[in-house]
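This report concerns only the one structure given below.
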Amino acid sequence: MKICKTIFLIITVTFFMQSCVVSEKPNIAYFSGSGRDFKGAKFVSINVPLFLAKPYIKKALREGGEDEELIRLVKKVSKIRVLTVENGDRTMLKDFANYLNNNNYEEWAMIKHNGDNVNIRVKQKGDAIKNMMITVNSDKELVFVDIKGSFTADDISRMIASAKDK
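Residues in the sequence shown are numbered from 1 upward in steps of one, following the UniProt record's numbering.
What follows is the structure, given as structure tokens:
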């Protein structure tokens, strides 16, 4: 019986850990399914299971002196996908922005910090926000963060205000 429990535990841990994947293939639909040639761009995608990541994120935010409201916002996140692109160009970024506009994402904020541009777009249905796309653009490196969860407009506004204060 103890052997069965151990095997079950190993299988369960393996199942959950396999979703913690770092890959050189894009994990965002626009880049993986568009069939476009991205001219030497190098992709690195990361999927991390949130049951592993949330405690570390909350701890880092508390140690960084962040507001408890921002920490509570982390609880509402259900999935995060990160995609970094080296050697990306402005055309790629512009085409991606058009793709988001065509898929009902609304631009909520554009923040400039130390030469980097951070763009926050959300997909809203009524009062509920289920998707948020954060794009960070700095010279030749692009970072896309796709966040899924259950947010309100007030949650996103507080997050943007917190980012602008820093």
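Each residue gets a CB set at the ideal place from its N, CA and C atoms; glycine is no exception.
Small disclaimer: the values here were computed from a predicted structure and weren't measured.
- Annotation: the segment 74-102 contains the following complete segments of the beta strand (DSSP E) (minimum length 3 residues), in chain order: 77-86.
- Rounded to the nearest angstrom, the gap between the Cα atoms of Met159 and Asn102 is 25 angstroms.
- Per DSSP, reduced to three states, the secondary structure at Phe43 is strand.
- Three or more beta-carbon pairs drawn from the segment 77-88 and the segment 41-59 are found closer than 8 angstroms, and the two stretches are therefore classed as touching.
- Beyond the five residues adjoining it in sequence on each side, Lys94 comes within less than 7 angstroms, by CB distance, of no other residue in the same chain.
- Ser157 is bridged by DSSP to nothing; it lacks a bridge partner.
- Ser45 is positioned such that its CB atom lies no closer than 8 angstroms to that of Gly149.
- For Ala128, DSSP records a beta bridge to Lys125.
- Nearest in C-alpha terms to Lys76, of all of Arg90, Asn131, Thr91, Lys59, is Asn131.
- Contact annotation, Val145 with Val48: C-beta distance approximately 12 angstroms; criterion of less than 8 angstroms not satisfied.
- Collapsing the DSSP output to three states places Ile111 in a strand.
- Arg72 is the residue among Arg72, Leu50, Ala53, Lys54 whose C-alpha sits nearest the C-alpha of Thr152.
- Separation of Ile129 and Asp139 (C-alpha to C-alpha, rounded to the nearest whole angstrom) is 30 angstroms.
- Distance check between Pro55 and each of Ile134, Ala29, Val74, Met110 places Val74 closest, using alpha-carbon atoms only.
- Here Lys25 carries a coil assignment [DSSP, helix/strand/coil].
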